[in-house]
Amino acid sequence: MRPRPQPLFTAGDVDGFFGLAIDNLIQFLLILSLCSGVLGFPLDLILRTVLPGAALSIVVGNLFYAWQSQRLSAATGRHDVTALPYGINTVSLFAYVFLVMLPVKLAAQADGYGAGEAARLAWQLGLAACFLAALIELGGALVADQVRRWTPRAALLSTLAGIAVSFIAIDFAIKTFAAPLVAMLPLGIILTTYFSHLAMPWRIPGGAWALALGSAAAWLLAGLGAPSPVSGERLHAALSTVGFFPPLLVVGDLIAGLTHPLLRQYLVPVVLPMGLFNVLGSLQNIESAEAAGDAYPTRSSLLVNGMGSVVAAAFGSCFPTTIYIGHPGWKGLGARSGYSVLNGVFFAVIALGGLTSLLNALVPMEAGMAIVLWIGIIITAQAFQATPPAHAPAVAIGLFPAIAAWGLLVVTQTLGAAGVVSGDGGLAARTLADPAAFARSGLHLDGLVAISQGFMVTCMVWSAMSAHLIDRQFHRAAAWALVGAVAAFFGFVHAGVLTPAGGIYDIGVATGWRWAVGYVACGLFYLAMGRWAGRRGAGTRARG
Numbered sequence: 019m020r021p022r023p024q025p026l027f028t029a030g031d032v033d034g035f036f037g038l039a040i041d042n043l044i045q046f047l048l049i050l051s052l053c054s055g056v057l058g059f060p061l062d063l064i065l066r067t068v069l070p071g072a073a074l075s076i077v078v079g080n081l082f083y084a085w086q087s088q089r090l091s092a093a094t095g096r097h098d099v100t101a102l103p104y105g106i107n108t109v110s111l112f113a114y115v116f117l118v119m120l121p122v123k124l125a126a127q128a129d130g131y132g133a134g135e136a137a138r139l140a141w142q143l144g145l146a147a148c149f150l151a152a153l154i155e156l157g158g159a160l161v162a163d164q165v166r167r168w169t170p171r172a173a174l175l176s177t178l179a180g181i182a183v184s185f186i187a188i189d190f191a192i193k194t195f196a197a198p199l200v201a202m203l204p205l206g207i208i209l210t211t212y213f214s215h216l217a218m219p220w221r222i223p224g225g226a227w228a229l230a231l232g233s234a235a236a237w238l239l240a241g242l243g244a245p246s247p248v249s250g251e252r253l254h255a256a257l258s259t260v261g262f263f264p265p266l267l268v269v270g271d272l273i274a275g276l277t278h279p280l281l282r283q284y285l286v287p288v289v290l291p292m293g294l295f296n297v298l299g300s301l302q303n304i305e306s307a308e309a310a311g312d313a314y315p316t317r318s319s320l321l322v323n324g325m326g327s328v329v330a331a332a333f334g335s336c337f338p339t340t341i342y343i344g345h346p347g348w349k350g351l352g353a354r355s356g357y358s359v360l361n362g363v364f365f366a367v368i369a370l371g372g373l374t375s376l377l378n379a380l381v382p383m384e385a386g387m388a389i390v391l392w393i394g395i396i397i398t399a400q401a402f403q404a405t406p407p408a409h410a411p412a413v414a415i416g417l418f419p420a421i422a423a424w425g426l427l428v429v430t431q432t433l434g435a436a437g438v439v440s441g442d443g444g445l446a447a448r449t450l451a452d453p454a455a456f457a458r459s460g461l462h463l464d465g466l467v468a469i470s471q472g473f474m475v476t477c478m479v480w481s482a483m484s485a486h487l488i489d490r491q492f493h494r495a496a497a498w499a500l501v502g503a504v505a506a507f508f509g510f511v512h513a514g515v516l517t518p519a520g521g522i523y524d525i526g527v528a529t530g531w532r533w534a535v536g537y538v539a540c541g542l543f544y545l546a547m548g549r550w551a552g553r554r555g556a557g558t559r560a561r562g
């Protein structure tokens, strides 16, 4: 008799839902603020088209991955199977806003387009970028199993750990200490709940306690007239956005973006690397899930991930979806399949009802971001715990490029802030035109840009090389050096420049030849050392 699957909903699914929903809600709020404030999209376009399209793409993936986990549970007889987390890709969100849609908008305005026409053109080419990235993800699903077999686990998990430390944990830690009266108590609650594993009073999940007490603190501060992320005015304004906004098929606008002459100029340097990085990121997250005990088929997982991005583009969202970082964190919360279903239903409701602004006005982000911070901590810990102890240095070296990429983002934000204060939008460009100024202040900007460009690939290459060197598998280390050389030669890593809008890839033939030569030199040295070790009888060393 075939084993019955685990219950669809468990108590841990509530905590898992809070964490995943808050993470996705942050993406929704970023879309709302960036599309309106940076790109000038009309609020009506965002509420009626972009957010419903994004929600539909989230629903499609969440329901599939919940079904997938139930199927794995029934096949194995285990009742501790956690669905793959899924949502909007944060890195792609920023890349498409600042490296695709904003340049398109500025170029259109320079050509005489009105503000509304330029914004609509930017949205259409954003749809095209999302769709093309989805095609790359679908194609990547066909070769992903081979990539997993040839890539050391340390290389896959180290990349996730680097993202977790920099773009998740550090960022939310900074935000926590920027709002201590609201955010520090929720952080203490989350750490107590998930580090001590002590049941909370009345069996109420720790995530619910954090949200309730953090929100209560925010509203108490507002009532006392102190600075607070919530207010009656914000709540009243948010109420005006409530309505009924069903998803709308926008194939005509998608085709307009795909056939526009600006497509090649502004999308090819961004979409290709971002599509590849999305494939690698999803692949790393599948590996992370397997390290935590849940082995999912690579091909079907990636195919549905790509289909989610197709749905997003067809229904008006410019932002690809991805298999999310954080599976072991959700598993540690006790989440199984139901948290994925709840997340899909939740975003369907808030998008259909135009409730994103209202929800943020009631429950501030500061009250719940401790859950996401904890996820970053767990991911980083897993990278060391789920790899052979001897490979710990390989995990560590893979952290550097991601941390550098976060540092480059801070530099970009700092330059932007300086321009706002001075009232001079050209301040950042003039500063970047003088690299010696950075050198005099002790920052090697060229090196920071080089290690940051394509950081996900760089993380994998250096971590994989290091793991194979630790095992004295010199030929495999040389093969990874060749991967780095090819990626660098064509500009997928290292080659690029920093602009006021962030780093821009310099993709083309021999654009990164200097780094390619360095990788080739390393590979030749590894091969020479392999021959020398063979003569001495010092071959492959067992992992331990």
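Residue 19 is where the sequence shown starts when you use the working numbering, and the numbers rise one by one after that. All C-beta atoms, glycine included, are put in the ideal place defined by N, C-alpha and C.
Practice task
Determine, using beta carbons only, whether V413 comes closer than 8 Å to chain C.
Solution key: Although the question refers to chain C, the structure presented lacks it and comprises just one protein chain.
Problem - Those residues which DSSP pairs with T517 across a bridge - result: Within the DSSP bridge table, the entry for T517 names G520 as partners.
Exercise for the section: Inspect the beta-carbon positions of A551 and R494 and report whether they are closer than 8 Å. Expected result: no
Exercise for the section: Confirm, please, whether the CB-CB distance from E305 to R171 is below 8 Å. Expected result: With contacts defined by Cβ atoms closer than 8 Å, R171 and E305 form a contacting pair.
Problem - Euclidean distance between Cα positions of P518 and G58 - result: 18 Å
Problem - Per DSSP, the bridge partner or partners of G105 - result: T340
Problem - Status (buried if at least 16 other CB within 10 Å, exposed otherwise) for Q45 - result: buried
Handout entry: L216 versus L351: straight-line alpha-carbon distance, rounded
Key = 12 Å
Practice task
Report, in whole angstroms, the separation of the C-beta atoms of V413 and S176, which I expect to be a contact under 8 Å.
Solution key: 4 Å
Practice task
Starting from Y131, trace the alpha helix (DSSP H) both ways and give me its first and last residue.
Solution key: No alpha helix (DSSP H) contains Y131, which DSSP labels as neither H nor E.
Problem - Where F262 falls: helix, strand or coil (DSSP) - result: coil
Exercise for the section: Measuring alpha carbon to alpha carbon, tell me which of T476, L290, I415 and R252 ends up nearest G526. Expected result: L290
Exercise for the section: Could you say which of R96, N80 and D271 lies nearest to G105 if we only look at CA atoms? Expected result: The candidate whose alpha carbon is nearest that of G105 is N80.
Problem - Sub-8 Å separation of T108 and M387 beta-carbons - result: no
Exercise for the section: Under 8 Å by Cβ, that's how I've got L143 and L280 pegged, so tell me the actual separation to the nearest angstrom. Expected result: 6 Å
Exercise for the section: Grab me the residues of A226's own chain with a C-beta within less than 8 Å of its C-beta, minus the 5 sequence neighbours each way, in chain order. Expected result: V32, D33 and F36
Handout entry: Secondary structure, beta strand (DSSP E): runs of 3+ residues fully inside the segment 45 to 102
Key = none
Handout entry: the segment 529 to 538 contacting the segment 507 to 518, beta-carbon criterion three pairs below 8 Å
Key = yes
Problem - L321 to G425 span [Cα, whole Å] - result: L321 and G425 have their C-alpha atoms roughly 33 Å apart.
Handout entry: Pairwise C-alpha distance: G180 and L417
Key = 4 Å
Practice task
My understanding is that L120 touches Y131, with C-beta atoms under 8 Å, so please give their C-beta distance in whole angstroms.
Solution key: About 14 Å; that fails the 8 Å criterion.
Problem - First through last residue of the alpha helix (DSSP H) which encompasses P407 - result: First-last for P407: undefined, no H or E at that position.
Problem - Short Cβ contact (8 Å threshold) for A379 with L69 - result: no
Exercise for the section: Kindly give me the distance between the Cβ atoms of T316 and L65, rounded to whole angstroms, as I take these residues to be in contact under 8 Å. Expected result: Not really, about 36 Å apart at Cβ, beyond 8 Å.
Handout entry: Span separating the alpha-carbon of L267 from that of F333
Key = For L267 and F333, the gap between their C-alpha atoms comes out near 5 Å.
Problem - Contained alpha helix (DSSP H) runs [length at least 4] in the segment 473 to 522, N- to C-terminal order - result: 473 to 488 and 492 to 507
Handout entry: Backbone secondary structure at L320 - three-state DSSP
Key = helix
Exercise for the section: Tell me whether V122 sits in a helix, a strand or coil according to DSSP, three-state version. Expected result: helix
Problem - Whether V78 touches M483 by CB criterion (8 Å) - result: no
Handout entry: Closest by C-alpha distance to V115, when choosing among S318, S51, A313 and V390
Key = S51
Handout entry: Residue from S91, L47 and Q86 with nearest C-alpha to P21
Key = P21 has its Cα closest to that of S91, out of S91, L47 and Q86.
Exercise for the section: Would you decide whether L455 is buried or exposed? Buried here means 16 or more other CB atoms lie within 10 Å of its CB. Expected result: Checking the displayed sequence, the identity of residue 455 turns out to be Ala instead of Leu. Exposed: under 16 other Cβ atoms inside 10 Å.
Problem - 8 Å contact criterion, which L38 and N361 should meet: CB distance rounded - result: Correct: roughly 5 Å between the Cβ atoms.
Problem - Per-residue burial, S318 [other beta carbons within 10 Å of its own, 16 or more giving buried] - result: exposed
Problem - Whole beta strand (DSSP E) elements within the segment 190 to 252, 3-residue minimum - result: none
Practice task
Given a cut-off of 8 Å, decide if T340 and G299 are closer than it, judged by their beta-carbon atoms.
Solution key: yes
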